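Presented below is the structure to which this report refers.
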Amino acid sequence: MEKEVILQYLPLYREALLLTLRIGWQGVLLALVFGVACTWIRQLKIPVLKSLVTVYIELFRNTPLLVQLFFLYFALPKAGIRMTPELCGSLGLGLLGGAYMAETFRSGLESIAPIQEESALSLGMTSMQALRYVILPQAATYSISGIVANVIFLLKETSVFSVISLMDLMFTAKDLIGMYAKTLECLTLLVVFYLIMLLPVSVFGSWLERRMRRAEFGA
Amino acid sequence: MKKNQLIAAAAAAVLGISLLSTGTVFADEAFRTLDEIKESGTINIGVFSDKSPFGYVDENGEYQGYDVYLAERLGEDLGVEINYVSTEAASRIEYLQTGKVDIILANFTVTEERAEEVDFALPYMNVALGVVSPDDAVVESLDDIGEDDQVIVISGTTAETYLVKNYPDIKLQKYDAYAEAKTALENGNAAAWANDNTEVIAFAIENEGFTVGIPSLGSADTIAPAVTKGNETLLDWLNEEIVALGEEQFFHADYEATLLDTYGADYEDTLVVEGGAVGTVETEAE
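Chains as they are written, first to last, in this note's numbering: chain C, 142 to 360; chain E, 18 to 303.
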């Protein structure tokens with residue numbers, strides 16, 4: 142390993158990390174918004190909307206992000222819809238993540254026995270109150286590990302961004318290897334930078350999980 | 018929990034790094050000699066699958082093109098089956114260093130930097146860089162590129178290295194693969210595309226609405242087969258083979274079979290290098 146090479150590449154990796162984080166987190170935020178929206182629509186039980194949500198979830202859970210990005214970036218312009226690579230990246234991540242988040246929220250909600258809602262209602266709570274004080278705190282506890290896993294998954298999925306010309310961590314490493322063939326240095330930096338990006342998320346996730354567990358029934 | 022996680026992560030990092038380093042230790046020895054290839058009955062050749070008319074997959078799923086025509090002959094003369102391995106520009110050196118292929122025949126331009134990592138055989142084609150752009154805004158000089166304009170390059174090509182070195186202010190839009198770069202240009206995502214001039218000329222011929230505003234840029238280079246650094250038996254055989262093929266004007270036949278439709282007869286003598294002999298250019302890059 143050559144130290145000078147690593148020092149020389151560091152700024153490029155830093156830039157790539159910032160881009161990956163920026164687009165990654167935009168994607169995660171969008172994913173949460175889409176996920177909540179889907180869950181909400183499902184709870185409303187309006188027939189047509191509910192089927193649309195199912196179609197959306199199945200479509201995006203069963204196609205690779207790579208294919209979705211290709212579609213957004215290369216196919217849509219042919220239909221007159223143009224987006225910057227960054228927008229395609231965050232929208233693609235958001236759509237993919239939204240489908241996963243919706244499923245995670247659903248499993249959280251379904252893990253709460255119906256008798257709890259019934260009990261809450263019989264105590265005189267409105268259904269909003271039952272949701273706010275009884276159902277959601279517990280559902281959130283059950284969902285949180287899934288949500289954290291989704292966030293890490295989404296941040297890692299940024300590694301296919303090279304197809305839409307975004308210089309994320311993975312593409313930066315590949316590009317430098319292609320130009321200067323310092324494979325060992327480039328890939329080592331790549332591993333280190335992914336860890337810098339993801340370790341805090343996973344540490345924060347475990348902390349959050351432990352904290353949320355307080356709301357768990359019978360804990 | 019937190020502590021355990023950190024330890025696990027550190028362990029993972031150490032494991033990753035040590036795997037990487039052993040990877041390169043293997044890579045130094047990771048080639049097969051000529052005899053080993055003959056014995057196994059199969060040679061692995063890395064070619065492009067999306068770079069028509071040099072290396073591409075046709076509608077029947079068969080590899081075709083100028084590079085592939087040569088590959089077929091090499092396989093025939095060695096008496097072995099060919100296993101084509103599809104490669105991207107940026108992974109050509111990697112594939113040799115890790116022994117995934119025995120030979121790279123993927124329009125590989127000879128450069129000094131690359132010659133430090135792999136061994137090039139005698140050349141079989143000439144090449145320079147070129148720039149193609151849409152008819153309504155033809156780029157005739159790289160100084161015309163505006164501040165907000167982007168130029169498409171393919172990661173790991175000589176065009177990329179050239180622009181990074183000589184025009185550091187031009188914003189590059191990089192892609193992994195030819196197919197994506199071409200679609201991006203068609204979709205109007207950038208002002209121009211810089212690549213080997215053979216490639217951009219072919220693109221302009223095949224796609225209406227595009228003009229090669231800069232037909233020749235940078236130094237005149239050659240394209241040659243490459244083998245893993247130190248694989249002397251295979252390198253020597255390749256060099257002898259290329260010289261021998263020159264006697265039967267093989268590369269002219271290759272041009273006529275694969276490139277004539279695209280470039281016409283005018284480019285034949287400019288592009289073809291016969292028997293490894295380039296007029297003025299030094300063939301040894303080292």
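Ideal Cβ positions, reconstructed from N, Cα and C, are used throughout, including at glycine. In this text, all values refer to a predicted model and were calculated from it rather than measured experimentally.
Taking Cβ positions only, does residue i come closer than 7 Å to chain C?
{"i": "V42/E", "result": "Its pLDDT being 44, under 50, V42/E is placed unreliably in this model, and the value from its coordinates should be taken loosely. No - not a single Cβ of chain C is within 7 Å of the one on V42/E."}
{"i": "T39/E", "result": "Annotation note: pLDDT 48 at T39/E (below 50); position unreliable, coordinate value reported separately. Chain C, which has no Cβ nearer than 7 Å to the Cβ of T39/E, makes this no."}
{"i": "E301/E", "result": "Below a pLDDT of 50, predicted positions are generally treated as unreliable, and E301/E, at 41, falls in that range; no measurement from the model is reported."}
{"i": "D45/E", "result": "Any reading at D45/E must be qualified, since the residue scores a pLDDT of 47, below 50, and its modelled position is unreliable; the value itself is stated next. By this cut-off, D45/E is not an interface position."}
Compare the Cα-Cα distances from residue i to each of the options and report the closest residue.
{"i": "G292/E", "options": "T250/E, A274/E and I240/E", "result": "I240/E"}
{"i": "E105/E", "options": "D165/E, I99/E, F125/E and G116/E", "result": "F125/E"}
{"i": "I164/C", "options": "P205/C, L190/C and T299/C", "result": "T299/C"}
{"i": "E79/E", "options": "E93/E, I54/E, S236/E and N100/E", "result": "N100/E"}
{"i": "L295/C", "options": "E156/C, L339/C and G221/C", "result": "L339/C"}
{"i": "F65/E", "options": "V170/E, Y83/E, K55/E and E53/E", "result": "Y83/E"}
{"i": "P165/E", "options": "L189/E, T250/E and G247/E", "result": "It should be pointed out that residue 165/E corresponds to Asp in this sequence rather than to Pro. Nearest C-alpha to D165/E: L189/E."}
{"i": "L87/E", "options": "K55/E, I120/E and G58/E", "result": "I120/E"}
{"i": "G147/E", "options": "S158/E, A154/E and F137/E", "result": "S158/E"}
{"i": "I222/E", "options": "L277/E, Q81/E, A132/E and V289/E", "result": "L277/E"}
{"i": "E89/E", "options": "K117/E, T287/E and E258/E", "result": "E258/E"}
{"i": "A280/C", "options": "F201/C, L193/C, R354/C and L200/C", "result": "R354/C"}
{"i": "V301/C", "options": "A220/C, L206/C and E350/C", "result": "L206/C"}
{"i": "L234/E", "options": "E177/E, E225/E and T250/E", "result": "E177/E"}
{"i": "P152/C", "options": "G168/C, R352/C and L331/C", "result": "L331/C"}
{"i": "A216/C", "options": "R351/C, I305/C, K323/C and T329/C", "result": "I305/C"}
Let's test the definition: count the other Cβ atoms within 10 Å of the Cβ of residue i and tell me whether it reaches 16, buried, or not, exposed.
{"i": "P319/E", "result": "In the structure displayed, chain E extends from 18 to 303; residue 319/E sits before or after that span and is not available."}
{"i": "P255/C", "result": "exposed"}
{"i": "W254/E", "result": "buried"}
{"i": "T215/E", "result": "buried"}
{"i": "M269/C", "result": "exposed"}
{"i": "F212/C", "result": "exposed"}
{"i": "K182/E", "result": "exposed"}
{"i": "E111/E", "result": "buried"}
{"i": "T174/E", "result": "buried"}
{"i": "A261/E", "result": "exposed"}
{"i": "P341/C", "result": "exposed"}
{"i": "F345/C", "result": "exposed"}
{"i": "Y335/C", "result": "buried"}
{"i": "T245/C", "result": "buried"}
{"i": "L310/C", "result": "buried"}
{"i": "I285/C", "result": "buried"}
{"i": "E134/E", "result": "buried"}
{"i": "R131/E", "result": "buried"}
{"i": "P185/E", "result": "exposed"}
{"i": "D286/E", "result": "exposed"}
{"i": "M142/C", "result": "exposed"}
{"i": "N203/C", "result": "exposed"}
{"i": "L159/C", "result": "exposed"}
{"i": "I187/C", "result": "exposed"}
{"i": "G205/E", "result": "exposed"}
{"i": "V42/E", "result": "In this predicted model, V42/E has a pLDDT of only 44, less than 50, meaning its place in the structure is not dependable enough to derive any value."}
{"i": "V189/C", "result": "exposed"}
{"i": "L171/C", "result": "buried"}
Counting only C-beta atoms, is residue i closer than 7 Å to chain E at any point?
{"i": "A314/C", "result": "no"}
{"i": "S243/C", "result": "The sequence given here has Ala at residue 243/C, not Ser. It does not: the Cβ of A243/C has no partner Cβ on chain E nearer than 7 Å."}
{"i": "E145/C", "result": "no"}
At a CB-CB cut-off below 7 Å, which residues of chain E make contact with residue i?
{"i": "G319/C", "result": "A106, A107, S172 and G173"}
For residue i, which residues in chain C fall below 7 Å Cβ to Cβ?
{"i": "Y192/E", "result": "S306"}
{"i": "E197/E", "result": "V304"}
Just to make sure I have the definition right: I need the residues of chain C whose C-beta is within less than 9 Å of the C-beta of residue i. Which are they?
{"i": "T250/E", "result": "By Cβ distance, chain C contributes nothing, its closest Cβ being about 23 Å from T250/E, past 9 Å."}
{"i": "N204/E", "result": "Y214, F215, P218, K219 and R223"}
Could you tell me which chain E residues have their CB closer than 9 Å to the CB of residue i, listed as they occur along the chain?
{"i": "A322/C", "result": "I110, E111, Q114, E130, R131, E133, E134 and V135"}
So with CB distances below 8 Å, who are the chain C contacts of residue i?
{"i": "T200/E", "result": "F215"}
CB of residue i to nearest heavy atom of the ligand COA: below 6 Å?
{"i": "K191/C", "result": "Absent from the structure shown: the ligand COA. Ligands present: none."}
For this session: Compile a chain-ordered list of the residues in the region 118–136 of chain E whose CB is closer than 8 Å to at least one CB of chain C.
Result: E130, R131, E133 and E134
Problem set entry | Near-chain C residues of the region 175–187 of chain E - C-beta to any C-beta below 9 Å | Taking 9 Å as the Cβ-Cβ cut-off against chain C, the residues of the region 175–187 of chain E that qualify are E177, T178 and V181.
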